[in-house]
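Residue numbers (my numbering): 221 to 314.
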């Protein structure tokens, strides 16, 4: 199967299962609760590295990137966050 066909199949199957199970779809890349919980990682980082000033956040996990970036902007913090990825990954290109 081609990537687009795999995605279409997955989307169709998801809608089918949601209908059967009467479930709710939680998209991790834009769900505010998932993003907020991912921001907790920043608290852990600050607990371990007191003078943290730069955070490199992975592009491939959008909720982690969003959570870290939002937490880096909290009042009293002077952090710069960068979205990054491993060489050859190309997640940022999609």
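Cβ atoms here follow ideal geometry from the backbone N, Cα and C, with glycine treated the same way. All values reported here derive from a predicted model rather than from experimental measurement.
Cβ neighbours of residue 300 in the same chain (closer than 8 Å, five flanking residues each side left out):
Residues of the same chain with a CB within less than 8 Å of the CB of residue 300, apart from the 5 flanking positions on each side, are 273, 274, 275, 292 in chain order.
Where residue 284 and residue 306 are concerned, what is the direct C-alpha to C-alpha distance, given to the nearest angstrom?
15 Å
Check for me: the beta strand (DSSP E) holding residue 278 runs from which residue to which?
Start and end: 274 to 278.
Secondary structure of residue 302, DSSP reduced to three states
strand
Could you spell out the range, first to last residue, of the alpha helix (DSSP H) harbouring residue 297?
No alpha helix (DSSP H) holds residue 297; DSSP gives it neither H nor E.
Closest by C-alpha distance to residue 251, when choosing among 225, 242, 286:
286
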